Amino acid sequence: MSEKKKKPQKLKARLPRGFVDRSPADIRATDEMVANIKSVYERYGFDPVETPIFEYTDCLGKFLPDQDRPNEGVFSVQDDDEQWMSLRYDLTAPLARHVAENVNTIQLPYRTYRAGWVFRNEKPGPGRFRQFMQFDADTVGAPGVQADAEMCMMMADTMEALGIKRGDYVIRVNNRKVLDAILLAAKIRTDDDGAQKLAVLRSLDKYDKFGVDGVGQLLSVKGRTDESGDHTKGAGLSDDQIDLIMSAAGWNDPTSGPKSELSDGLTLQNLEEELEGHSVSLDGVHELSAIRNLVRAAGYDQDRILFDPSVIRGLEYYTGPVYEAELLFDVTNEKGETVQFGSVGGGGRYDGLVKRFTGQDVPATGFSIGVSRLMTALKNLGKLGQDAVVAPVLVTVMDGDTEALGKYQQIVQSLRAAGIRAEMYQGNWKKFGNQLKYADRRGSPIAIIQGSDERAAGKVQIKDMIEGRKQAEAIASNEEYREARPGQFEIAETEIVPEILKLLASQAEDRALDGQ
RNA sequence: GCGGGCGUAGCUCAGUUGGUUAGAGCGCUGGAUUGUGGCUCCAGAGGUCGGUGGUUCAAAUCCACCCGCUCGUACCA
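Next up, the structure:
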């Protein structure tokens with residue numbers, strides 16, 4: 013056998029799927045967004061609180077099946093005492109734990125917000141990650157629908173604070189009790205552990221995606237087959253049952269429902285009429301009407317807050333009003349395709365979540381914004397990163413002796429003291445060309461050059477990198493190019509700070525003009 | 001989870017019916033040029049052809065399984 017030369021196996025650098033490294037631009041955009049959201053919540057009188065990213069698995073939710081492996085979908089590890097801990101998958105369950113644990117010291121109603129990373133161990137997709145940021149606001153200990161109405165208004169205000177125009181978003185509101193009443197009226201099976209109920213809710217949730225016909229198929233016995241030939245089993249309802257649900261939701265009436273001209277008053281009226289004849293509870297409808305009256309009185313019209321029976325949200329813990337924020341404008345992704353963006357946040361009333369710990373009723377309502385997701389949309393809308401951060405001014409190094417280096421440091425510090433981003437070149441200074449190349453690639457607006465001649469004369473060369481690039485286009489030969497030193501001028505050392513400030517201001521002005 | 005498509009250099013891709021040493025462009029490094037980015041020219045580095053096994057005299061190419069990416073679907077606290 014011929015001996016193949018064996019190379020040391022290089023370790024493959026790789027990121028677990030569904031996770032991303034965040035770029036400077038992303039981090040700055042997120043910070044900007046989070047600050048905007050925060051200012052709205054603060055104005056509404058909410059205070060921050062933060063919980064750790066790990067919790068004991070049993071505190072996270074009631075979703076733990078009795079298996080030796082904690083629920084799929086969450087990242088879990090065992091502590092050294094063998095207790096299961098999990099990375100949180102939302103911010104609501106940890107908040108419920110926090111409130112339950114501190115119920116004696118927390119003044120209810122407790123109005124609180126927090127932003128944080130959450131983790132889901134699921135299949136990632138475009139815009140869906142296994143680590144993403146949520147920004148939540150909750151009112152704990154508030155039983156009335158006023159609290160829900162406030163949440164809806166605050167969500168609407170948040171959208172606008174982020175620069176999303178009125179009409180480009182809508183807050184859709186529904187009520188879990190309404191859904192329950194409709195399902196009761198339609199005589200959905202109750203002897204199957206809620207399987208049919210879940211199937212029906214999931215079908216209704218697809219209204220946005222598949223429309224009336226698609227939902228009808230999903231509700232029926234036969235189910236729905238998509239383009240790829242994949243078949244989804246139906247919920248098994250009769251035509252009469254489907255009819256009842258459709259007409260309660262108002263989907264067989266073109267003047268009602270979410271795709272109409274936003275006539276949510278009709279939707280509510282229609283719901284009430286449909287449900288009245290079936291001797292089921294009208295509480296849900298009445299709650300929705302109350303929310304409607306509250307938000308309308310506060311000036312939030314149906315172009316901002318709209319009632320929509322297709323809003324389902326999480327199937328597990330919501331007990332009353334549920335709401336979600338949807339973007340209405342088209343989002344184009346980096347491949348140039350138009351993407352149906354849909355919901356960027358949502359929430360609802362979860363009256364049972366704290367009670368799991370305390371046994372006492374602690375009604376709560378809150379919502380969550382998908383920060384990463386919303387950021388993608390805003391980026392595409394051009395609402396973020398408008399004023400990109402200008403790269404630092406580069407002080408180049410011509411001589412490596414202590415005296416010269418000291419001088420460069422002194423220049424850098426004087427710029428910094430004046431509030432100018434500045435840095436001294438930290439690579440191999442002996443290749444001067446590389447220093448300017450570095451400045452160029454890095455996007456530095458200005459390079460400062462001081463060789464021994466300049467130092468002796470108390471002068472520095474200021475090189476306007478942007479102007480230099482412009483002038484270079486007219487120069488063909490490299491010799492001439494070097495000779496010309498485009499965009500460069502000499503000033504006295506003492507003038508560095510004012511000259512740099514002046515040049516930066518003029519560059520900023522040029523950028524502003526270009527942008528128009 | 002289920003179904004389709006794809007996987008060749010850092011990136012975008014070519015690679016004939018299975019046939020010698022797997023190529024290009026861009027990028028990267030060095031040089032022309034010890035104090036000036038761009039342009040131009042020269043040179044160089046960089047590959048387990050996603051992995052494993054199989055068929056064959058011979059596999060980047062054919063087959064099986066696995067992994068990854070991607071599209072649809074299911075699930076989504």
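Throughout, the working numbering is defined as the position within the first sequence, counted from one, plus 12. Heads up, the beta-carbon is just placed ideally off N, CA and C, and yes, glycines get one too. Only a predicted model underlies this, so the values are computations on that prediction, with no experimental measurement involved.
Alpha-carbon spacing of residue i relative to residue j, whole angstroms
i    : j    : result
A400 : I183 : 31 Å
A252 : A310 : With the sequence shown as reference, residue 252 is identified as Asp, and Ala is not the correct amino acid for it. Cα to Cα, the separation comes out at about 40 Å.
R55  : Q119 : 19 Å
L340 : Y219 : 15 Å
F144 : G418 : 45 Å
D204 : L27  : 43 Å
D225 : I324 : 18 Å
D43  : V356 : 17 Å
A468 : K391 : 50 Å
A108 : I49  : 22 Å
L213 : L525 : 53 Å
V46  : S384 : 10 Å
Q462 : K514 : 19 Å
V509 : S518 : 14 Å
G326 : T117 : 30 Å
C71  : L294 : 34 Å
K16  : K24  : The pLDDT assigned to K16 is 34, lower than 50, so where the model puts this residue is not dependable, and the model offers no usable value.
K447 : A504 : Looking at the sequence shown, residue 447 is not Lys but Gln. Their backbone Cα atoms lie some 22 Å apart in a straight line.
A488 : Q146 : 53 Å
D313 : G73  : 36 Å
V374 : Y125 : 17 Å
W441 : A416 : 12 Å
G175 : S464 : 52 Å
Y84  : E328 : Per the sequence shown, residue 84 should be read as Glu rather than Tyr. The straight-line gap from Cα to Cα measures roughly 16 Å.
V32  : L196 : 45 Å
Q425 : A434 : 8 Å
K449 : A459 : 11 Å
Q421 : E502 : 19 Å
T104 : T370 : 16 Å
P20  : V52  : Low per-residue confidence applies at P20: pLDDT is 46, beneath 50, and the placement is therefore not dependable enough to give any value.
A429 : R454 : 22 Å
G480 : R494 : 11 Å
Contacts around residue i, its chain only, beta-carbon distance under 8 Å, and the 5 residues preceding and following it disregarded
i    : result
V157 : E299, A302, I303, L306, G332, P333
D315 : R178, G179, V182, L274
T377 : D150, T151, A154, A159, D160, M163, G332, P333, G359, G360, R361, Y362
M97  : F66, E67, Y68, T69, S88, V89, Q90, D91
N228 : Correcting the residue type first, residue 228 is Gly in the shown sequence and not Asn. Cβ neighbours of G228 beyond the five flanking positions: I254, M258.
A127 : V46, I49, K50, M145, Q146, F147, D148, V383
L191 : L213, L216, G296, P321, I324
P36  : V401
P121 : T151, V152, G153, A154, A159
Expected contact under 8 Å - CB spacing of residue i and residue j to nearest Å
i    : j    : result
I423 : V407 : 5 Å
A337 : M167 : 5 Å
D148 : F379 : 7 Å
F353 : A403 : Contact flag wrong, Cβ pair sits at about 32 Å.
Q473 : Q500 : 6 Å
Q208 : G248 : 6 Å
A211 : L256 : A211 to L256, Cβ: 16 Å. No contact.
M477 : S456 : 6 Å
P136 : R29  : 6 Å
L230 : T244 : 6 Å
Neighbourhood of residue i by C-beta, 6 Å cutoff - its chain only, sequence neighbours within 5 removed
i    : result
T63  : P106, H110
D12  : Absent from the model: residue 12. The displayed extent of the chain is 13 to 528, so no value can be given.
V130 : R100, Y101, D102, Q146
Residues of its chain near residue i, where Cβ-Cβ distance is below 7 Å and the 5 sequence neighbours each way are ignored
i    : result
A41  : M387, K391, L396, G397
S259 : E286
Q95  : Y68
G470 : A504, E505
I200 : Q208, K209, V212
V405 : L427, I432, R433, A434, S456, P457, I458, I460, I512
* To do: Taking only runs that begin and end inside the segment 380-423, name each unbroken alpha helix (DSSP H) of 4 or more residues, in chain order.
  => 383-393
* **Complete runs of the alpha helix (DSSP H) confined to the segment 195-249 [at least 4 residues]** => 207-217, 219-231
* Contained alpha helix (DSSP H) runs [length at least 4] in the segment 95-132, N- to C-terminal order -> 104-113
* May I ask you to verify whether the segment 317-328 touches the segment 182-202, counting CB pairs closer than 8 Å and requiring at least 3? => Yes: at least three Cβ pairs fall under 8 Å.
* To do: Run through the segment 475-516 for me and flag every whole beta strand (DSSP E) of 3 or more residues, listed as ranges in chain order.
  => 500-504
* To do: Please confirm if the segment 129-149 is in contact with the segment 276-290, defined as three or more CB-CB distances below 8 Å between the two stretches.
  => No, the segment 129-149 does not touch the segment 276-290.
* To do: Go through the segment 155-191 residue by residue and report every complete run of the beta strand (DSSP E) that reaches 3 residues or more, in order.
  => 181-187
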